[in-house]
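Written out below as structure tokens is the structure these notes cover.
Numbering (the working numbering), first residue to last: 104 to 231.
Structure, rendered in structure tokens:
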């Protein structure tokens, strides 16, 4: 996982994804924290590679797993995933993910405008 994290930090998503393949065999039931953090790291790498759909898929799986874990470090990884979503912050699926990560994990999210939280709440109410 550390190599994937380093390459993600270096904004080299191709190498992050390559190293991720070595860690893919870890079971989420046994290594929940590690697997959840790895999914957030790899999701962020996909977002760096401009793959929104895969990034959100992995980010959501990460939140699914990390909701059962108490870890500041894990929350930081999801927060980095949230920050990598900035180019798509107007997309409904992105706003839903950020809202979910804040609600389920208490992740402090990226806010580019004071009204973003209000807009997100209004958009989510429209879905009901």
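A virtual CB, placed ideally from N, CA and C, is assigned to each residue, including glycine.
Three-state secondary structure assigned by DSSP to residue 209: coil
Whether residue 148 touches residue 190 by CB criterion (8 Å): no
Exposure label - residue 114; buried when at least 16 CB within 10 Å: exposed
First through last residue of the alpha helix (DSSP H) which encompasses residue 136: 135-151
Element boundaries [alpha helix (DSSP H), containing residue 178]: 175-187
Coarse secondary structure for residue 197, derived from DSSP in three states: helix
Sequence-distant residues of its chain with Cβ nearer than 7 Å to residue 139 (five each side left out): 165, 168, 169, 172 and 177
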